[in-house]
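Chemist: Have a look at the structure that comes next, please.
See below:
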């Protein structure tokens, strides 16, 4: 049985610098998870994923990651792995967290 | 049986049309090939048991080894093994091979590579010619590991 | 030290030119990501959680000061000012940009270094005993063999697309510091009854999902047969290793599914043919390489300064106690520089620290540096009179942590803080344990204890061979840590035994403390190490300490 769809953000790594990127509400790729578009509809999410997979010249390895709406900070990823991708490693303060 | 001349042939000199006009015979175990004609061309999977082909070496003009994926390196070892067992006919790698693997193919004992037109378009001739220098910077040769090729590609 | 000749130099620069072209083709769309991936991996370039990661080989763990300085330069010029030394004698840079990588590789080539085959399904960086050429217990220096294998495996035309990665380690001492038994091929340098040099060849060891201790495939392989024999093993593996299931693709599974006898027979069959195809050049080259690893000209000088410092300075005394190892020249010492300051990230060094180490090697250490699989740096040849000065300089740079071999000298993989494959974080667990050990203040009293942490089943942190092994897993999105006990990576190799259910992140440190306290109660005397006590008393008392509630319920 297929797993039930959960609201998700679409994320990948940038081809040129490897940075974590998210598909934003305006359809562009953003480095800030706060600007990520939260997909509530499964079909729409899959269509956007397929479109992202064809953007090999821009991003690498796009996938959907479960997230919850969150507050002013925008969608919050559910899994700790995605939380770490959104902020950076915990041992130093030099990932994305420095830009906040 | 399949036709040989549907792909593009890559040699050290670049792209060319396939000059092998006759049919290929698919290897299906030693029993089936007692009647293999002289000068036959054989199609083999990369899992073919090289030792079983040895008795037929004298009658085979060309062996074509399939590369089902660029991640599957079995064909390189099979080529090397055929050479070590004494095969000196023409040896061809065919299928999913990247220009970046051309040097590996040549050093393993292949004389030529066959690719489909779509791959040739995406990886044009100059990318293959870039690795036509496969004889240089070869650590294995420096260590005394001999290279073998068929009469066709025996530039060594 | 091996020095590149014209051939090596041209090779590494040509290889960078090839990679530069591959990067351009990827950016232009001539190579798909699927096609580019194995090519970038073969040049050490991963895509990790936050960024690309470049893994640079430190062949058999040996470095010169100019190379270490170049690593420092790369860290500052193209990364965030530090590097991470790994359990396979590599250094990883965590933040390079794709476009910069060819330039970084050129900078490495300038100092006779590269990132070739530090990843991918090929023969990886060959590792060796980090005390090679220095330890008093050594039979033969493993580095010439490792260098020969490096050259043989580099760009090997048959073995760049194996079923899975392939790791070779070499040891030249009966004391196995290279974990040879946990490698795809482990070589121990030995002599036969008539005194001829050769190798005991082990095959099919490995950690990861299905940990196995390697089996002896040849109890004595003459030195001259090494390359054709290894090539035969790889040929058989390439032909029959499984490609249908990534978890069954390592040679350990091939050997165990076919049985060592049948596998050996296939290898010997190939070997009979292979042997004829290798001309003698490799033996001449081995002799040339061997000459380059000749011992430095030892300084002859009194060691009084060492003895005086030892008598005078308790801080120096404790450093000597843990961080020095006997050298083959009794006037010398092997000095280990701990990259495990309590609370720091295991194996990380800043560019500044790298330069300090380079300077000390140049001034006091015959210009030699080693990197150990235990993620520490080593000055293999320091005259004893200079050890006090080395210690003073290390203290100034914050590098004099005297904990080598103790509970806070923890191996930890990068874990989920960096790694794409990880299921849990490793670094914070290591930091917390080490910090707690410092608070307790009794790690010297505890003695020899190897704690090893992996952030996933792939076991880069060698947890299976830790006296205490910790494996981080993902339990429904929450980090959970399993503990194994009794592992051993040395010549008495053994795999740790799983103690029971896992622990939440916050409960790991208390669990480790309960293990340590149980050991302290049970040891026969201060000289009985944790592993010896465990082997004597078994799992039970430790299990009872780990799971007091279960133990109490069972006793009721």
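Chains as they are written, first to last, in our numbering: chain S, 8 to 107; chain C, 16 to 171; chain Z, 938 to 1493. Think of the CB as a built atom: it goes at the ideal place given N, C-alpha and C, for glycine as much as any other residue.
What residue range is occupied by the uninterrupted beta strand (DSSP E) comprising residue 1318 of chain Z?
Modeler: Here residue 1318 of chain Z refers to the residue found at position 381 of the third chain. Counting along the chain, the beta strand (DSSP E) containing residue 1318 of chain Z begins and ends at 1314-1320.
Chemist: Counting only C-beta atoms, is residue 20 of chain C closer than 8 Å to chain Z at any point?
Modeler: Within the second chain, numbered from 1, the residue matching residue 20 of chain C stands at position 5. Summary for residue 20 of chain C: the model assigns pLDDT 49, below 50, so the residue's position carries little reliability, and this model does not support an answer.
Chemist: Within the segment 81-147 of chain C, note down every full beta strand (DSSP E) run reaching 3 residues or more, in order along the chain.
Modeler: Fully enclosed beta strand (DSSP E) runs of 3 or longer: 105-110 and 127-130.
Chemist: From the DSSP output, read off the bridge partner residues of residue 2 of chain S.
Modeler: Past the boundaries of the shown model lies residue 2 of chain S; chain S is included only from 8 to 107, so the question cannot be answered.
Chemist: Counting only beta-carbon atoms, is residue 76 of chain S nearer than 8 Å to chain Z?
Modeler: As a working note, residue 76 of chain S is residue 69 in the first chain. Chain Z, which has no Cβ nearer than 8 Å to the Cβ of residue 76 of chain S, makes this no.
Chemist: Shorter than 8 Å from the beta carbon of residue 1047 of chain Z to some beta carbon of chain S?
Modeler: For the purposes of this step, residue 1047 of chain Z is identified with residue 110 of the third chain, where counting begins at 1. Cβ-Cβ to chain S under 8 Å: no for residue 1047 of chain Z.
Chemist: How far does the beta strand (DSSP E) with residue 1021 of chain Z in it extend, from its first residue to its last?
Modeler: Indexing the third chain from 1 puts residue 1021 of chain Z at position 84. That run of the beta strand (DSSP E) goes 1019-1022.
Chemist: By the three-class DSSP mapping on this structure, what secondary structure does residue 998 of chain Z have?
Modeler: Residue mapping note: residue 998 of chain Z aligns to position 61 of the third chain, counting from 1. The answer is helix: DSSP assigns residue 998 of chain Z an H, G or I state.
Chemist: Nearest chain C C-beta to residue 951 of chain Z closer than 8 Å, yes or no?
Modeler: Locating residue 951 of chain Z in the third chain gives position 14, counting from the first residue. Output row for residue 951 of chain Z: interface = yes.
Chemist: For residue 1031 of chain Z, which of helix, strand or coil comes out of DSSP?
Modeler: Counting from one through the third chain, the residue named residue 1031 of chain Z turns up at place 94. Correct three-state label for residue 1031 of chain Z: coil.
Chemist: Drop a sphere of 10 angstroms on the beta-carbon of residue 75 of chain C, count the other beta-carbons inside from all chains shown, and report buried for 16 or more, exposed for fewer.
Modeler: The count along the second chain starts at 1 and reaches residue 75 of chain C at position 60. Buried, since its Cβ has 16 or more Cβ neighbours within 10 Å.
Chemist: Quick check: what's the CA-CA separation for residue 85 of chain S versus residue 104 of chain S?
Modeler: Residue numbering aside, residue 85 of chain S sits at position 78 when the first chain is read from its first letter. Residue numbering aside, residue 104 of chain S sits at position 97 when the first chain is read from its first letter. Spanning the two alpha carbons is a distance of roughly 18 Å.
Chemist: Any residues in the segment 979-997 of chain Z with a beta carbon nearer than 9 Å to a beta carbon of chain S? Which ones, in chain order?
Modeler: Answer set for the segment 979-997 of chain Z: 984, 985, 986, 987, 988, 989 and 990.
Chemist: When you compare each of Z:1439, Z:1173, Z:1085 and Z:1075 to residue 64 of chain C by their alpha carbons, which one comes out closest?
Modeler: For the purposes of this step, residue 64 of chain C is taken as residue 49 along the second chain, with counting starting at 1. Of the listed residues, the one whose Cα sits closest to residue 64 of chain C is Z:1173.
Chemist: Less than 8 Å between the beta carbons of residue 1468 of chain Z and residue 1423 of chain Z, yes or no?
Modeler: Along the third chain, one-based indexing puts residue 1468 of chain Z at 531. Along the third chain, one-based indexing puts residue 1423 of chain Z at 486. Yes, Cβ-Cβ distance for residue 1468 of chain Z and residue 1423 of chain Z is below 8 Å.
Chemist: Consider the Cβ of residue 107 of chain C: report whether some Cβ of chain Z lies at a distance smaller than 8 Å.
Modeler: By 1-based counting over the second chain, the position of residue 107 of chain C is 92. No, its Cβ sits nowhere closer than 8 Å to a Cβ of chain Z.
Chemist: Between the segment 1059-1076 of chain Z and the segment 1216-1223 of chain Z, are three or more C-beta pairs nearer than 8 Å?
Modeler: The answer is no - the segment 1216-1223 of chain Z does not touch the segment 1059-1076 of chain Z, with fewer than three Cβ pairs under 8 Å.
Chemist: Do residue 1024 of chain Z and residue 1437 of chain Z come within 8 Å of each other at the CB atom, strictly closer than that value?
Modeler: Position 500 of the third chain, counted from the start, is the residue given in the question as residue 1437 of chain Z. Position 87 of the third chain, counted from the start, is the residue given in the question as residue 1024 of chain Z. No, the pair does not count as a contact, with Cβ atoms beyond the cut-off.
Chemist: Output the boundary residues of the alpha helix (DSSP H) element that contains residue 1044 of chain Z.
Modeler: Taking the third chain and counting its residues from 1, the one referred to as residue 1044 of chain Z is at position 107. Counting along the chain, the alpha helix (DSSP H) containing residue 1044 of chain Z begins and ends at 1038-1047.
Chemist: Report the residues of the segment 91-107 of chain C with a CB closer than 8 Å to any CB of chain Z, ordered along the chain.
Modeler: Cβ contacts with chain Z come from 91, 92, 93, 95, 96, 99 and 100.
Chemist: Give the secondary structure of residue 19 of chain C by DSSP, where H, G and I count as helix, E and B as strand, and everything else as coil.
Modeler: Here residue 19 of chain C is taken as the residue at index 4 of the second chain, counted from 1. With a pLDDT of only 45 at residue 19 of chain C, under 50, the local geometry of the prediction cannot be trusted, and the value read off the model is given with reservation. The answer is coil: DSSP assigns residue 19 of chain C none of H, G, I, E or B.
Chemist: Under a Cβ-count criterion, where at least 16 other Cβ atoms within 10 Å of its own Cβ denotes burial, should residue 956 of chain Z be classed as buried or exposed?
Modeler: The count along the third chain starts at 1 and reaches residue 956 of chain Z at position 19. Buried, by the Cβ-count rule.
Chemist: Is DSSP giving residue 1102 of chain Z helix, strand or coil here?
Modeler: Translated into the one-based positions of the third chain, residue 1102 of chain Z becomes position 165. It is coil, neither helix nor strand.
Chemist: Establish whether the CB of residue 164 of chain C and some CB of chain Z are separated by less than 8 Å.
Modeler: Counting from 1 along the second chain, the entry for residue 164 of chain C is found at position 149. No, no contact with chain Z.
Chemist: Check residue 86 of chain S in the structure and name its three-state DSSP category.
Modeler: Locating residue 86 of chain S in the first chain gives position 79, counting from the first residue. Correct three-state label for residue 86 of chain S: coil.
Chemist: Pick out whichever of Z:1206, Z:1175, Z:1476 and Z:1311 has its Cα sitting closest to the Cα of residue 1114 of chain Z.
Modeler: Start at 1 with the first residue of the third chain, and residue 1114 of chain Z comes out as number 177. Minimum Cα distance to residue 1114 of chain Z is reached at Z:1311.
Chemist: Locate the alpha helix (DSSP H) running through residue 1082 of chain Z, then write down its first and last residues.
Modeler: Along the third chain, read from residue 1 onward, the residue named residue 1082 of chain Z stands at position 145. 1080-1090 is the span of the alpha helix (DSSP H), which, as asked, contains residue 1082 of chain Z.
Chemist: If contacts are defined as beta-carbon pairs under 8 Å, then residue 1005 of chain Z and residue 1291 of chain Z qualify, I think. What distance do you get, rounded to the angstrom?
Modeler: Within the third chain, numbered from 1, the residue matching residue 1005 of chain Z stands at position 68. Within the third chain, numbered from 1, the residue matching residue 1291 of chain Z stands at position 354. Yes, they are in contact, since the Cβ atoms of residue 1005 of chain Z and residue 1291 of chain Z sit about 5 Å apart, within 8 Å.
Chemist: At a cut of 8 Å, does the segment 1176-1187 of chain Z reach the segment 1100-1116 of chain Z through at least three beta carbon pairs?
Modeler: Yes, the segment 1176-1187 of chain Z is in contact with the segment 1100-1116 of chain Z.
Chemist: Which residue or residues does DSSP assign as beta-bridge partners of residue 1152 of chain Z?
Modeler: As a first step, residue 1152 of chain Z is located in the third chain; it is residue number 215 there, counting from the start. Answer by DSSP bridge pairing, in chain order: Z:1140.
Chemist: What did DSSP end up calling residue 1265 of chain Z once you bin it into helix, strand or coil?
Modeler: As a working mapping, residue 1265 of chain Z is identified with position 328 in the third chain. Residue state, collapsed to three classes: coil.
Chemist: So residue 56 of chain C is in the beta strand (DSSP E); what residue range does that whole segment cover?
Modeler: As a working note, residue 56 of chain C is residue 41 in the second chain. Element bounds for residue 56 of chain C: 55-59.
Chemist: Return the first residue and the last residue of the alpha helix (DSSP H) that residue 948 of chain Z is part of.
Modeler: The residue labelled residue 948 of chain Z in the question sits at position 11 within the third chain. Residues 943-965.
Chemist: Which residues mark the beginning and the end of the beta strand (DSSP E) in which residue 103 of chain S is found?
Modeler: Working through the first chain from its first residue, we reach residue 103 of chain S at position 96. Run containing residue 103 of chain S: none; DSSP gives neither H nor E here.
Chemist: Tell me, please, whether the segment 976-987 of chain Z touches the segment 86-97 of chain S by the rule of three or more beta-carbon pairs shorter than 8 Å.
Modeler: The answer is yes - the segment 86-97 of chain S touches the segment 976-987 of chain Z, with three or more Cβ pairs under 8 Å.
Chemist: Closest to residue 1450 of chain Z by CA distance: which of Z:953, Z:1003 and Z:1345 is it?
Modeler: Sequence index remark: in the third chain, residue 1450 of chain Z carries index 513 (1-based). Checking every option, the nearest Cα to that of residue 1450 of chain Z belongs to Z:1345.
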